[in-house]
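Chains as they are written, first to last, in this note's numbering: chain A, 1 to 456; chain B, 457 to 829; chain C, 830 to 1346. Where is the CB? At the ideal position from N, CA and C, for every residue including glycine. One structure is given here, and the rest of the page talks about it.
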Amino acid sequence: MMQYPYIPNSNKAVRREMLDFVGAESVEALYSFIPDEVRMKQPLNLPEPFVSEMALKKHVNGILDKSSSCDENISFLGAGCYNHHVPAVCDEINGRSEFLTAYSGDTYADHGKLQTFFEFTSMMGELLNMDVVGFPTYDGGQAASTAVMMAHRINGRSTVLVPAAMNPGLYSQLSCYCEGINLVKVAARPDGQLDLEDLKSKLHDGVACIFIQNPAFLGFFEEQCGEIGKLAHSVGAEYIVYADPSTLGVALPPADYGADIACGDIQPLGIHMSYGGGLGGYLATRQEEKYVMNYPHHLYSIFQNSKGQFGYARALPERTSYYVREKAVEYLGTCVGLWAVTAAVYLAVMGPEGMRELGENILCKSDYAQRTLSSLKGVRFPYAESRSFMELVVNFDGCGKTVSEINRALLGAGIFGGYDLSRELPELGQSMLVCVTEKTELSDIDALADALKKIL
Amino acid sequence: MADAKALGLIVNPIAGMGGKVALKGTDGERVLAAARAKGAVPESAEKAERAMRLLVPYRERLLIRTASGPMGEDLCRKLSLRYEVVYRADAPTTPADTIAAAAAIREKGAALLLFAGGDGTARNICEAVGNSFPVLGIPAGVKIQSAVFALHPEFAGAVAAKIAQGLPMSMLSREVVDLDEDAYRTGSVRAALFGSMLVPDQPDALQSMKQGGFSSEEDQLRGAALYLRDHMDPDAFYAVGSGSTAKCISRLLGLEYELLGVDIIRDGALVEKDLTEERLWSYAQTGRLKIIVSPIGGQGFLLGRGNHQFSARVLRAVGKENLLVVSGEAKLLSLPRHQLHVDCDKPEICRELRGYYQVLCGYGRFHSLLCED
Amino acid sequence: MSYSKLRNFHEAQWDEPIIFEQSVPGSRGILLPDVSGEAGVSSGKGLLPTTLRRTQKPALPEMAQPQVLRHYLRLSQETIGQDINIDIGLGTCTMKYSPKINEQFVRSPKFAELHPYQEDDTVQGILKIIYEFEQIMKEISGLDAVSFQAGGGGQGIFANAAVLKQYFRDRGEETQRNQIITTILSHPLNGAAPATKGFEVISLYPDDSGYPSLENLKAVVSEKTAGIFITNPEDTGVFNPIVRQFVDVVHEAGGLCVCDMADYNGLFGLVRAKELGADMCHFNLHKAFSSPHGCMGPGCAAQCVSAELEKYLPRPRVRFDGQRYYTDYDGPSSIGKVRQFQGSLAAVLRAYSWVMSLGRDGLKAVGETAILNNNYMMKRLLGEVRGITMPWAEEAPNRLEQVRYSFEKLLEETGVGAEHVNRHMLDFGFQRFFPSHHPLVVPEPYTPEPTESYSKDDIDEYISALKKISDEAYTTPEIVLTAPHNGPISPLEKDTVDSVDQLAVTWRAYQRQHGGR
C-alpha cells in the first residue's frame, strides 16, 4: 500500500503493529464475516487519481476555469439566489477550522458555536420582530414547506392559498414536501398585487393558511399584506409570509402586519451564491406553544449558571426526530449550521444602519433600472404601478424576440440578462426578471440598456 | 453552593425475607413470623445501602428525609449522610408505618422518594403519595412486578445521584401491580393493577437528562388512539384492557372507563363497563371481538397481569390477529430483551399467542417485537 | 498509575459577552455607498410603499469591524472542530480530515460567484464536476442515476421516500402500499423522513444478534409494504449478514429497498448498494466523502437510484451530449424539487476532488484503515478500560468501522454514567462523543468512530483519556461527576426548560423574561 497523506495509518510498519495487536494476518481477515453474496466482484472502476496536490489542483482548477462568473460579467440574475456583497469578515470567520470542521458538539466543548447560533437567532429575531427563530434549515423553500405543515398541524386543515405567480421552484418544493396538502393558487390583479376578491372566494374554514411572498417573486412589494393577514385570521387560518431579510432594514417585518409565521432564505446575509449552494432557510414565530412545539428544528435556549455564565442547550428536544424518530414533528437532519454562523457575522457587521443602507441602495437602483430601461422601445413593465425592491419584470413581447434570444445576445456583451420567466410562467409572455443589488453599479444598468438597444 | 437537595428514603426492613425461604413474599404477619422462624434475615438494608452509597459524594448538598431506625435512620447514620427523621415507627414495622412515613416525607418535600422493598411496599407507597410525587424503588423484595423499580440497587442510586446534582430528570407514570400472595404461595400467578406512580425515566437515563417537563409519551398515545379510532371496524366489539395506556382510546373518545377493568366499546360508544370473564366470553362468541391491551412496563406482560378476564377461552376465540397492542416507546424500551410475554391459564393458548406483534406507538407508527410465553 | 500522552488542556475561556451587550450606538462595521443622488432619487426609503416602511429600526448591535471580528474569533476558539482535536468520539458522523486544498476550490470565485440561472455555456466547469461526480457515484453505488439536490442525509432519505411514493402513485398503488419498514437501530430519519412523506412506519427490534430476525421482517411485510429503509452496518457497527434475504423478502412482497449509506466509511470498494440488492440509496458527502461538517451543514446527500427510478429524481439533471454539459429540466414524472437549484454543490466539488486524489486503491485504503483502526481501538477498549462493554458481543463479536459500547457496568459499579464520562472527555482536549441515536436501545451508550484520519498515536491518546476517566470513576467519582472542569463555562445546574414560557432562543425573549425589556 502506498503512503497516503490523508491516511496516517497507511504506514506499513504501524499497520503491521496494529494487525499484530488485534491478531489478524490482514485487514481482510477483519471483515471476512461479510458474506460473498453482497461483496463487489471486481475493483471499483474509477478514473486514475491525481495523487500529488499539485496535480490535483491543476486538474480541478482546470475544470472550474471553464466557467465564467458573475464577478467577470455583469449579472442581472436573481429569482431566489442573489449576488449580494459578502463582507470579508464573513469569509474570514466561516473559514476558521474550528467552525468549518465542527459538528454536533454541544453545551461545553462547542460553547462558542452555540453562542454564535444564539446570536444568529437573536439578531434574526430583531430583524423580524419575533421572539422565536429556529436553527436554520436547508433553504427558504424548506422553511416555507415546514411553515405550511406547521399551520396544518396547528389547525388540522389542508387547503393552502398561495399566489399564482409565486416562485415556481418554491411551489414545486411545497408540492413535493407538503403531503396531504391542497395548494390553491390565488390570481393577481393586473398590477401584480394579489386579487383579494379571488382570495375571498377561495377562503373558507378549511383553509390552513395563506402564504405570500413579500416582496413577491416578481419583485414588487405586496402592499395589501395587512388586509391579507386579516382575511386569513377571519377564518382562523394562519398567515405565513416569506420575506427577504435584505429588505428588513427598511421594510416592515411580517410580524408587524399580522404574520403568524415568517420564513425565507438567509443566502442574502453574507453567503456566496455558489451556483445555488449558498441557500439556507429561516423560520420564525411568536413564542406560543402551538408554534414552538411544531418546530422540527433544534431550538437552542440560553441558560445561566450559578457563576453567572451563560450557556446554551437544545431545548424541548422531544419534538424532534432525533429523540422520537418517526413520531416527531417532520424530520431534522444536518442542514446549514455554517450559514447561521455566517449570517450572524453579517448582521453584526451590518448593524441597523448597514441594513438600512442596503435596503435604500437597492431601492434606488431598482428605481433607476426601471427608469433607465423604460427608454427602450417596445419594452413594457407590466407591474410598474407596484413598488419594486431588487427585481422587476421586463416584458419584451413588443420586440419580437424571445428572452432566450435576448439573453444569448447579451452574453456576447458580457452581460447575464435577467431570469427568463417564459419557461415556468409562460402566461407572462416573453418576460425576464431583472435583478439589481448593491453590487450592481448604475453604469452596469446603463450598459444593459445600451446593449438592449442594440439587440432589440 | 445551592441549597441542600432533599431526598426521601424508606426502607421496608422486612421486605425480601420470604424469598430465601421460599415463602413468596412477606405480606401478612403470619407469613412474616414463619419467615423469621425459618431463619430469614433482613436484606433490604443491604440493598438500600448499595443504592445510597452512590450518594455519599454529594453528602454536603443533600438532606435525607427518612423514618426512624431500620426504616432509614440507621443507614443514613452508617453512611454519614445528613438526615432528618420525619416519622417514628415502633419495631416491628408494619405496612401502616410505610404509609405514614411516605405521607410524612411527601408533606415535608423531597425531590425523589427512594424506597427499598417489593411490590407490597410499592403498593403502600402508592397509597400514601399517589401519582404525582416522584418515587423510585430499590429492588429488595421477592416480588418485583411493578415497573416502579430500578433494575439494580445501584441504578436507583445513580438516578438519585443525578437528581442530587440538580440534573433534570423527566418523569413517567408507571404501573404498580401486586400478586395475590395467597394465590402465589399455592403456585398460581395472579397479579392485579393497583395504580400508578411517577418514576424517573431511568431506562433511558441520557434521554431523561435532556428532557424537560414535556412528555412525548402523551403525544404518542394520543396518536395511537387517533389511529385506532380512524381504523375501527364499526361492527366489531373492542375490549379495552386495564391500565391507563390501553384506555387512551376511551379517553380520546370521551367515554367512561374502568381503569383497572375491561370495558367494551363499539363504533365510538361505550357498550359495557368493567366486564367479568363470563360477560367477555359472551362477546367473544359473537366472533366480532377484538382486544386492545398494553404491556406492563418493565415486565412486558400483555396478558396474565391484571387482565384475568382475558381467559384462555376468550383469547382462543379472539385469536392473535385480533389482539391490538398499544404502548409508548419508552415503555417498550424498558422491557428486558425488548420482549413481550403472555401468561394465561392454558399453556397451549399461550403458545398460540407467541410471535411478533406490531405495537402501535403513534399514528401509523408500529414497533415490531417478539412475544414469548 | 501513569497515563501516557494526556494533555494538561484547558479550552479557551473568553467569557465573551453576548454581542448585543457590546453595542455602541453609532458604531459601524461596514459602509455602503449612498447612491440616491447619483440615481436621481431623493431618498431610497421614499420608494417604499408608505404602509410598508419600517418605522423602528431593528435593534441589531452597532459595532466597529475589529470588535465584530474579534468577538467571533473568540467564539471560534470556544469551539472544537475536527481539525483541532482527535475527533474519534463523534461516531456515526465520520469525522475525517477535510483536505485544505478543497477549501481553495470552493472559495474560488469560479465557483463561489456562479449564479444558478447562468446560461449553461457559462458554467461548463461546475456542470462537468456535477456530471463527472455522478459517474463516480454510479460506480461506487452500483446504481444508475444520482441526484445531489438533497442538502443533507435527512433530505436524502426524504427524497428517496418521495421517489418511493411517486413510484407507487404511478402504479396506482399509492393508497394500498402505505407502509415502510425500518429497524429501531437505524438512523432515526429512516423512520421520520418517510413518515413526513405520509408513510406508516414499522420499526423492527433486534434480537440477540444485534439485528432483527428474518422472522420479524416476514411477520410485518404485506401487501401494504412500500419498502424497507435499512442501514448496514447500523449505527452499532453490527453488519447484518443476511441483508440479502431481507431485501429478497421485501422484493417478493412487492416493495422496494432503500439503503442509508450513512455508515459507509468501512465499505469502500467492498460492498455496494447494487450487491445489497437496493433500488435506492443515499450517501452523505459530508461524512465518508470528506466534506467538512460546518457546524451541522451545509451537507449534501448523493441520492442514487436504479435506472427504472431515474425519471422520478429531482430536476434539473445535468447531462452531457458528448461536447457540452447542459441542465435538463424536463421530467414529467419527477418528484419535483426537494431543494432549490442543484443542491449544496460545495460538498460535491470537495467530494469530487477527494475521490480524484485517492482513486480506486486509495478508497479501498480508506475503508480498510477505518476497519483496522476500529478493531484496534475495540480490542484495547474492551481489554483495558474497566466498566465498558459491547452489546451483542456473544452472537455478534465483529464490528466494521464503529462500535456502540455501553457504560452501563460503569454506572452500576460507580454511579458514573455515559453522560458524565462524555463531559469529562473535554478536560483532556476531546470533543464530546456521540452516545447514540434515540431510542437508547443500548443503555449508557457510547459510539466512537476512529476514521482513517487518525494515527495510531491519536487513538492511543484517546484511549488513555478513557482509561484515566474510568479509573477516576472507580476511585474519585466526584471528579467525573462534576466535569467538565476545563471547558469554556462551568456546568449549568439547569439546562432544560420545563415549559414553552421558559424557552429563550433569542436575546429579546430572554430579556423580556428577565425584566430587561
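*asked:* Tell me the rounded alpha-carbon separation between A/N407 and A/G418.
replied: 8 angstroms
*Cutoff 9 angstroms: A/D131 Cβ touching any chain C Cβ*: yes
_Residues of chain A with CB closer than 8 angstroms to the CB of B/E516, please, in chain order._
Per Cβ cutoff of 8 angstroms: no residues; B/E516 is ~15 angstroms from chain A at best.
*Does DSSP classify B/H797 as helix, strand or coil?*
strand
*Coarse secondary structure for C/H1266, derived from DSSP in three states*: coil
*Since A/D131 and A/G280 are thought to touch, with beta carbons under 8 angstroms apart, how far apart are those beta carbons, to the nearest angstrom?*
Incorrect: roughly 21 angstroms between the Cβ atoms, too far for contact.
*Determine the burial state of B/G669: buried for a count of at least 16 other Cβ atoms within 10 Å of its Cβ, exposed for fewer.*
Because the pLDDT at B/G669 is just 30, under 50, the model does not fix this residue reliably, and the value given afterwards should be weighed accordingly. Answer is exposed; the Cβ neighbour count stays below 16.
*Say whether the segment 741 to 757 of chain B touches the segment 790 to 807 of chain B, bearing in mind that this needs 3 or more beta-carbon pairs closer than 8 angstroms, one atom from each stretch.*
yes
*Starting from B/Y813, follow the beta strand (DSSP E) in both directions and report where the run begins and ends.*
811 to 818
*Where does the unbroken beta strand (DSSP E) through C/G1095 begin, and where does it stop?*
No beta strand (DSSP E) contains C/G1095, which DSSP labels as neither H nor E.
_So if DSSP puts C/M1109 in a beta bridge, which residue, or which two residues, is it bridged to?_
C/V1087, C/V1134
*Can you find at least 3 beta carbon pairs, one from the segment 1176 to 1195 of chain C and one from the segment 1115 to 1124 of chain C, that sit closer than 8 angstroms?*
yes
_Neighbouring residues, chain B, relative to A/K327 (Cβ below 9 angstroms)_ = S672, D675, Q676, G679, E785, C817, G818, Y819, R821
*Identified DSSP bridge partners for A/S67*: C/V952
*Consider the Cβ of C/D1037: report whether some Cβ of chain A lies at a distance smaller than 9 angstroms.*
no
*Can you tell me the Cα-Cα spacing of A/S374 and A/R380, whole angstroms?*
7 angstroms
*asked:* When you compare the CB of A/V250 with every CB in chain B, is at least one pair closer than 9 angstroms?
replied: no
*What are the residues of the segment 109 to 125 of chain A that lie near chain C, defined by any Cβ-Cβ distance shorter than 9 angstroms?*
A109, D110, H111, G112, K113, L114, Q115, T116, F117, F118, E119, T121, S122, M123, M124, G125
*Is the Cβ of B/E777 closer than 9 angstroms to any Cβ of chain C?*
no
*Against chain B: residues of the segment 870 to 884 of chain C by CB proximity under 8 angstroms*: none
*Taking the alpha helix (DSSP H) that C/H839 falls in, what are its first and last residues?*
Premise fails: C/H839 is in no alpha helix (DSSP H) and is neither H nor E.
*Which term fits C/L881, buried or exposed, when burial requires 16 or more other beta carbons within 10 angstroms of its beta carbon?*
buried
*Closer than 8 angstroms, Cβ to any Cβ of chain C: which residues of the segment 216 to 232 of chain A, in chain order?*
F221, E223, C225, G226
*Just checking my contact of C/D1157 with C/R1148 at CB under 8 angstroms: how many whole Å lie between their CB atoms?*
5 angstroms
*asked:* I believe C/I1059 touches C/T1025 by the beta-carbon criterion, under 8 angstroms. Please report the beta-carbon distance rounded to the nearest angstrom.
replied: Their Cβ separation, rounded to whole angstroms, is 18 angstroms, which puts C/I1059 and C/T1025 out of contact at 8 angstroms.
*Closer than 8 angstroms by beta-carbon distance: list the chain B residues that pair up with A/V292, in chain order.*
Near A/V292 there are no residues of chain B at all, since even the closest Cβ is about 10 angstroms away, more than 8 angstroms.
_Quick check: the segment 899 to 918 of chain C against the segment 391 to 398 of chain A, are at least 3 beta-carbon pairs closer than 8 angstroms?_
no
*asked:* Determine, for B/F611, whether the minimum Cβ-Cβ distance to residues of chain C falls below 9 angstroms.
replied: yes
_Does any residue of chain C have a CB that is nearer than 9 angstroms to the CB of B/H797?_
no
_I need the boundaries of the alpha helix (DSSP H) containing A/C364, first residue and last residue._
337 to 373
*Can you tell which of A/F135, A/D65, A/H111 has its C-alpha closest to the C-alpha of A/S122?*
A/F135
*By Cβ distance, which residues of its chain are closer than 6 angstroms to B/Y514, with the 5 residues on each side in sequence left out?*
A620
*asked:* Rounded to whole angstroms, what is the Cα-Cα separation between C/N989 and A/S175?
replied: 15 angstroms
*DSSP beta-bridge partners for B/H823?*
B/V815, C/S1032
*is_contact[C/F1028, chain D] using C-beta, thresh 9 angstroms*: Absence of chain D from the displayed structure is noted, the protein chains being A, B and C.
*Could you tell me the distance, in whole angstroms, from the CA atom of A/S404 to the CA atom of C/D950?*
13 angstroms
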